[in-house]
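Undergrad:
2 protein chains.
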Amino acid sequence: MTQHTSSSSPIRVGIVGYGNLGRGVEAAIAKNPDMQVAGIYTRREPAQLKPLGQGVAVHAMGELMAHQDRLDVLILCGGSKDDLPVQSPQLAARFSLVDSFDTHARVPEHFAAVDAAARSGQTTALISAGWDPGMFSLNRLMGEALLPDGATYTFWGKGLSQGHSDAIRRVAGVAGGVQYTIPVDEAVERVRSGGRPELSTREKHRRECFVVLKEGADAEAVRREIVGMPHYFDQYDTTVHFIEADELAREHGAMPHGGFVIRSGTTSEQASQVIEYRLKLDSNPEFTASVLVAYARAVHRLQAMGQHGCKTVFDVAPGLLSPRSAEQLRADLL
Amino acid sequence: MTQHTSSSSPIRVGIVGYGNLGRGVEAAIAKNPDMQVAGIYTRREPAQLKPLGQGVAVHAMGELMAHQDRLDVLILCGGSKDDLPVQSPQLAARFSLVDSFDTHARVPEHFAAVDAAARSGQTTALISAGWDPGMFSLNRLMGEALLPDGATYTFWGKGLSQGHSDAIRRVAGVAGGVQYTIPVDEAVERVRSGGRPELSTREKHRRECFVVLKEGADAEAVRREIVGMPHYFDQYDTTVHFIEADELAREHGAMPHGGFVIRSGTTSEQASQVIEYRLKLDSNPEFTASVLVAYARAVHRLQAMGQHGCKTVFDVAPGLLSPRSAEQLRADLL
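Chains as they are written, first to last, in the numbering used here: chain A, 2 to 335; chain B, 2 to 335.
(1) Determine the chain B residues that contact Thr313 (chain A) at a beta-carbon separation under 9 Å, and present them in chain order.
(2) To the nearest angstrom, report how far apart Lys51 (chain B) and Phe96 (chain B) are at their CA atoms.
(3) Any contact between the stretch 133 to 148 of chain B and the stretch 174 to 192 of chain B? By contact I mean 3 or more CB pairs, one from each, below 8 Å.
(4) Using only the alpha-carbon positions, how far apart do Ile16 (chain A) and Ala118 (chain A) sit?
(5) To the nearest angstrom, how far is the alpha carbon of Ala272 (chain A) from that of Val300 (chain A)?
(6) Return yes when the Cβ of Arg264 (chain B) is within less than 9 Å of the Cβ of Glu188 (chain B), no when it is not.
(7) Under the criterion of a Cβ to heavy atom distance below 8 Å, does Phe96 (chain A) qualify as lining the ligand GDP?
(8) Please report the straight-line C-alpha distance between Gly260 (chain A) and Ser101 (chain A), rounded to a whole angstrom.
(9) Phe243 (chain B) CB to nearest chain A CB: under 9 Å?
(10) For Gln4 (chain A) and Ala173 (chain A), I'd like the C-alpha separation in whole angstroms.
(11) Assign Pro184 (chain A) to one of two classes, buried (16 or more other C-beta atoms within 10 Å of its C-beta) or exposed (fewer than that).
(12) Since Thr268 (chain B) and Ser291 (chain A) are thought to touch, with beta carbons under 8 Å apart, how far apart are those beta carbons, to the nearest angstrom?
(13) Checking the sheet assignment: what are the DSSP bridge partners for His206 (chain A)?
(14) Measuring CB to CB, does Glu277 (chain B) end up less than 9 Å from Arg191 (chain A)?
(15) Would you kindly report the start and end of the unbroken beta strand (DSSP E) that includes Glu277 (chain A)?
(16) Starting from Met143 (chain A), trace the alpha helix (DSSP H) in both directions and tell me its first and last residue.
(17) Return the chain-ordered list of same chain residues with a C-beta closer than 6 Å to the C-beta of Trp157 (chain A), the five sequence neighbours on each side being excluded.
(18) In the DSSP assignment, find the beta strand (DSSP E) that holds His253 (chain B) and state where it starts and stops.
(19) By how many angstroms is the C-alpha of Ala332 (chain A) removed from the C-alpha of His242 (chain B)?
(20) Using 8 Å as the threshold, is the stretch 238 to 257 of chain A in touch with the stretch 205 to 221 of chain A, meaning 3 or more CB pairs across them?
(21) Is it right to say Tyr19 (chain B) is buried, meaning 16 or more other beta carbons lie within 10 angstroms of its own, or is it exposed?
(22) Evaluate Gly25 (chain A) with the Cβ neighbour count: other Cβ atoms within 10 Å of its Cβ, from every protein chain shown; 16 or more gives buried, anything less gives exposed.
(23) Check for me: the beta strand (DSSP E) holding Phe112 (chain B) runs from which residue to which?
(24) Determine whether the Cβ of Arg279 (chain B) lies closer than 9 Å to any Cβ atom of chain A.
(25) Ignoring anything shorter than 3 residues, give me the beta strand (DSSP E) runs that lie fully in the stretch 23 to 56 of chain A, in order along the chain.
(26) Name, please, each residue of chain B whose Cβ falls closer than 7 Å to the Cβ of Ser121 (chain A).
(27) Return the residue from the list B:Arg298, B:Tyr154, B:Glu216 that minimises the CA-CA distance to Ser201 (chain B).
(28) How far does the alpha helix (DSSP H) with Phe156 (chain B) in it extend, from its first residue to its last?
(29) If I'm right that Leu65 (chain A) touches Tyr42 (chain A) with Cβ under 8 Å, what's the distance once you round it to whole angstroms?
(30) If we count Cβ pairs, one from each stretch, closer than 8 Å, do we get three or more for the stretch 309 to 321 of chain B versus the stretch 282 to 297 of chain A?
(31) Grab the span of the alpha helix (DSSP H) containing Leu321 (chain B) for me, first residue to last.
(32) Using a Cβ-Cβ cut-off of 9 Å, state whether Lys82 (chain A) counts as contacting chain B.
(33) For Asp83 (chain B), which of helix, strand or coil comes out of DSSP?
(34) Which class does Thr289 (chain B) belong to by DSSP, given the choice of helix, strand or coil?
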């Protein structure tokens, strides 16, 4: 574990699924010379895909199992609802892999299924990489471990929420729209200044929607249905802006996101201590992809070290994420 | 590595050295029910020490070697200049331990000396824990691994610098004084907004001194000598305030510190991504101590797992820092 000099041949990565996240993974691997895209696997017609890189091979999903000896590690880029609960255990029996499973409540069962498969296949499979779960989880853990007498706050945004955008698009009379989650500045400042306030859902975040109406739709009725939608909006202060289709396309096509994990604690009566981790992301899928790629490097190493089974970000020594040797890291970054 | 349920008997910690850091370690252990102070070891007369906790045993340093079977892990609270280069290798031959060695340039040789001792003694010794080196190092590494196309910036402060305070107290005519290192807001904002500016030493930090003059001293001569001091002050914009001894005692007795590690990178031409880690500490020694205590827990576990030798924060899986089991962490924090 103390030596991880890069070998001369790059780590061969298979990208499974090629939506926004899969494209982000391809772009991220291009920034990491010790890794290469060995193949993209899709359920669509392979010839229809246009990879970013020239000469990148695209294969039908059905070919994946036959490519075991061409691939060191898979990065699974499907969805947490339908794809990963099936794919991750199935593929972990044959491949080391990383996924971004993000249904927090179902992590224990996903872990158990992947762990059984990976142990039987002597592979290493890391689930729930990304930024939340992922980097934010890591900072929640570290904050709690370093300042046991304290409170942890997670704020999300400003960022585009896919789930909430989908929800507004399902409202009758809505032709299109997006939703931004925005942390309430005052709440962030109260936490950052070392207090430990009790904050309600409404006090922590507000929601802002940009909606294009269908012809003849009743704007006020649409607004009321959005702001009253149970769970999605009813516990928040929500603002709805009605805009034209061209403005939606022009101004709201990007996928920014980010947020804060803040641990506020005390080490003695006199001393309050605040740890803050913040992400400000122009592209949510590209950053998530970058995290998956760094953890794919670690997974490949853990597999080579014989550490089989299911892992999470909590189980990975940070040095394993870097292409540099332990000596270089100690000399340059410690 | 996947299971670390807390055992029923607490981890027995020996505190070696009892200045500000040692007292901070004692206070931190009081916040961690799975650990206990098994003894404080000092070069001073043991009876002169007044531990924070009632009934805490204080021993002469010479007794330490005979207490091997009473102690699971040592936390070394001496200085990096004279104490740790001798103590850490010497004690690592017999004990698992954590130190806060912070002379960045001498890390490789310190690592080598401690590693040889720990391997021969089958102990686990983690060097350079704290926040810089320590948490900041970890965030430098993670930033680089997640955003390989980027630049890392470390800013320190606002905080009291012990080294610079010592330097001004050595100037002729100075009766007392403290120095604060302050990040330049404009530089922080430029980096935080996603740019990758080239920043000179002067552009990143400024220095502020509060100085009490000896009777009859020439204020302007003192000021000139401070601001022109090579390495310490000459490359910075430095402000010197002359104050009275009672104001120094009243207003400048605390040891606040903190700072930022910011990684600014791009994942594609369109997307700039910023990761920021920030500490805002009322008490530098108490926070450093809290980090040492969390890593002492990890070291004790690594030793039990047979992972002997010298380690740094780069080698420790985050889950090992927490008293909670891997299942609990996955269920609650992922």
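Note that the Cβ used here is the ideal one computed from N, Cα and C, for glycine as well. Note that this is a predicted model, so its numbers are computed, not measured.
TA: From the atom records:
(1) Gly320, Ala327, Leu330, Arg331, Leu335
(2) 25 Å
(3) no
(4) 20 Å
(5) 39 Å
(6) According to the sequence displayed, residue 188 (chain B) carries Ala and not Glu. Not in contact: Ala188 (chain B) and Arg264 (chain B) (Cβ atoms no closer than 9 Å).
(7) Ligands are entirely absent from the displayed structure, and the ligand GDP is therefore not among its contents.
(8) 18 Å
(9) no
(10) Residue placement at Gln4 (chain A) cannot be trusted, given a pLDDT of 45 that sits under 50; the coordinates are not used to answer.
(11) buried
(12) 6 Å
(13) A:Pro184
(14) no
(15) 273 to 282
(16) 136 to 147
(17) Thr182, Gly260
(18) First-last for His253 (chain B): undefined, no H or E at that position.
(19) 38 Å
(20) yes
(21) buried
(22) buried
(23) It is not in any beta strand (DSSP E) - Phe112 (chain B) instead sits in the alpha helix (DSSP H) that spans 108 to 122.
(24) yes
(25) 36 to 43
(26) The premise fails here: Ser121 (chain A) is roughly 16 Å from chain B at the closest Cβ pair, so nothing lies under 7 Å.
(27) B:Tyr154
(28) Element bounds for Phe156 (chain B): not the alpha helix (DSSP H) but the beta strand (DSSP E), 151 to 157.
(29) 5 Å
(30) no
(31) First-last for Leu321 (chain B): undefined, no H or E at that position.
(32) no
(33) coil
(34) helix
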